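Data first, discussion second: the structure below is written as structure tokens.
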Amino acid sequence: MLTEKKTLEGLLEGEKKLVERIKSTADPKKRAELEEARKGLEAQIKIKQRSIKKSLT
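The working numbering numbers the first residue of the sequence shown as 123 and each following residue consecutively.
Here's what the structure looks like:
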């Protein structure tokens, strides 16, 4: 449980950093690549959140 929480915290921190990079990127092509990466990260976060919720019940 503790490792899942740490993993989730790491994913959330990574998403924050990625969002900052997206905001500071001027190149549209690079920005689109970063947006795709963010979508994948969001999916991982949702999966981890569900996993934690299931382990709590």
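Just so you know, even glycine gets a beta-carbon here, dropped at the ideal spot from N, CA and C. Predicted model, so just to flag it, every value in this text is computed and none were measured.
Under the three-state reduction of DSSP, A154 is assigned to helix.
For A148, the three-state secondary structure derived from DSSP is coil. Pairing E157 with I144 gives a Cβ-Cβ distance under 9 angstroms. A Cβ-Cβ separation of about 5 angstroms places L130 in contact with K170 under the 8 angstroms criterion.
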